[in-house]
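Residue numbers (the UniProt record's numbering): 1 to 236.
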């Protein structure tokens, strides 16, 4: 199916707690996966772009935990939402005082005019191999082009994982800066900032590596979205 004809069902569950959560999306995924072991989709380990694109993505943005369900993941989130009254981690327990759920069917498609997005969590673009190649580049323009190619590849992989064929050529412009991140106990390099691309994607979806654990989460800049900042809290 072409991107112009595809609408992706999503459910975005925001968990407001009695105090800001200091844990990560990785910890949230571990807790939810262990609490609901009958749902394999919740605790998969398929983070590689070469494998299935994660249909459940866990995020902690500005101290507010949330879970994004995509396609069959949206149904699962709807089934477990009533059972999430607290979050318990090694560092403590959080009481869920309010749950806000958004159901949407978002068109995912190529567009004529580029759309600007920003990363609200670090984009993990580099694996061990391409990190070495990135370090070897001395010219900033070469580094920028290198990252642009990776970003296009990440978007294509996301689309492919959702059964979408992108027939038009993608073009990106990036405004990024390096940030330190920690993934699976290893210190790595991530990227924050914004980009423009001639492709429309759902807000709060993840691209790149580690998306099931909250990395690479995007928001559209000035989107006019149905998801209101004041209801989610702490995402600006």
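Think of the CB as a built atom: it goes at the ideal place given N, C-alpha and C, for glycine as much as any other residue.
Where the alpha helix (DSSP H) containing residue i begins and where it ends
i	result
residue 29	25 to 35
residue 75	72 to 80
Proximity to residue i [Cα-Cα], best of the options
i	options	result
residue 98	43, 133 and 16	16
residue 42	153, 74, 206 and 101	74
residue 151	132, 195, 6 and 166	195
residue 39	19, 20, 69 and 133	69
residue 52	217, 218, 208 and 220	208
residue 122	183, 128 and 144	183
residue 143	162, 130 and 154	130
residue 28	37, 89, 126 and 14	89
residue 100	82, 117 and 111	82
residue 118	10, 205, 210 and 6	205
residue 103	158, 202 and 168	202
residue 161	124, 186 and 54	54
residue 112	211, 91, 167 and 66	167
residue 147	124, 187, 105 and 9	124
residue 110	135, 172, 86 and 145	172
residue 8	164, 136 and 187	164
residue 211	178, 177 and 155	155
residue 67	36, 106, 14 and 84	14
residue 135	178, 35 and 6	178
Inter-residue spacing [alpha-carbon to alpha-carbon] between residue i and residue j
i	j	result
residue 95	residue 64	12 Å
residue 141	residue 170	19 Å
residue 80	residue 114	37 Å
residue 108	residue 25	25 Å
residue 191	residue 32	27 Å
residue 200	residue 189	27 Å
residue 77	residue 138	45 Å
residue 20	residue 61	10 Å
residue 12	residue 120	15 Å
residue 57	residue 153	20 Å
residue 127	residue 197	23 Å
residue 242	residue 72	Residue 242 lies beyond the range of the chain shown here (1 to 236); nothing can be said about it.
residue 216	residue 159	15 Å
residue 133	residue 116	27 Å
Assigned exposure category for residue i - 16 Cβ within 10 Å defines buried
i	result
residue 22	exposed
residue 180	exposed
residue 48	Annotation note: pLDDT 43 at residue 48 (below 50); position unreliable, no value reported.
residue 221	exposed
residue 214	buried
residue 175	exposed
residue 186	exposed
residue 246	This structure cannot settle anything about residue 246, because the visible part of the chain is limited to 1 through 236.
residue 219	buried
Run of the beta strand (DSSP E) containing residue i, from where it starts to where it stops
i	result
residue 16	6 to 17
residue 59	56 to 61
residue 87	86 to 89
Minimum length 3: unbroken beta strand (DSSP E) runs contained in the UniProt domain "Cas6b C-terminal" (112 to 221): As far as the UniProt domain "Cas6b C-terminal" (112 to 221) is concerned, its whole beta strand (DSSP E) runs of at least 3 residues are 172 to 183, 186 to 200 and 218 to 220.
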